[in-house]
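*Asks:*
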Amino acid sequence: MPFAHVADFKTNDIARYNGKTGEFIDFFVTSNSGGLSAPAKQTFGYDGNLYVSSILTNNVLRYNGKTGAFIDAFVPAGSGGLRQPRFLYFTKDAIAIPESRTGLALLAFGATLSLGKVIGRFQKRHN
53 MPFAHVADFK
63 TNDIARYNGK
73 TGEFIDFFVT
83 SNSGGLSAPA
93 KQTFGYDGNL
103 YVSSILTNNV
113 LRYNGKTGAF
123 IDAFVPAGSG
133 GLRQPRFLYF
143 TKDAIAIPES
153 RTGLALLAFG
163 ATLSLGKVIG
173 RFQKRHN
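Using my numbering, read the sequence shown as starting at 53 and increasing by one per residue.
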């Protein structure tokens with residue numbers, strides 16, 4: 053059965069719904085689990101785990117992709133200058149997070165590492 057996962061910015065949890073009927077199943081990630089505060093974007097990584105950007109704690113949290121249990125802060129608070137991560141997505145070798153305040157920088161963290169570490173900061177060039 054396919055699932056839909058929906059982050060709630062106000063209650064700091066992630067609800068799981070039946071992907072076909074839309075029926076609520078449970079809270080996949082419970083309120084404030086692992087320090088989750090103002091979740092904005094969640095995505096499943098290549099390892100099957102769930103990664104969630106936590107705006108008010110300035111980090112990216114990792115949860116077990118089957119149980120929703122907190123694993124760790126994959127990208128620790130403020131790592132590489134990370135502030136209020138609102139989006140995140142995976143590439144083949146990294147998790148990329150556009151910088152939310154200016155929209156001009158892209159932080160890339162090594163996704164194949166056991167802990168997210170900055171592998172690059174890329175600035176948009178002005179012409």
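In this text, a Cβ means the ideal position worked out from N, Cα and C, and glycines have one as well.
So Asp65 and Val81 are in contact, right, with Cβ under 8 Å, and what is the actual spacing, rounded?
*Replies:* Locating residue 65 in the sequence shown gives position 13, where the first residue counts as 1. Locating residue 81 in the sequence shown gives position 29, where the first residue counts as 1. Indeed, because the Cβ distance is near 6 Å, the residues count as touching under 8 Å.
*Asks:* Return the chain-ordered list of same chain residues with a C-beta closer than 6 Å to the C-beta of Ile20, the five sequence neighbours on each side being excluded.
*Replies:* What is shown of the chain runs 53 to 179, which leaves residue 20 out entirely.
*Asks:* Looking only at its chain, what residues have a beta carbon closer than 6 Å to the beta carbon of Ala67, apart from the 5 residues adjacent to it on each side?
*Replies:* Walking along the sequence shown from the start, residue 67 turns up at place 15. Cβ neighbours of Ala67 beyond the five flanking positions: Val58 and Phe79.
*Asks:* In this structure, does DSSP put Leu108 in helix, strand or coil?
*Replies:* Counting from one through the sequence shown, the residue named residue 108 turns up at place 56. Here Leu108 sits in helix by DSSP.
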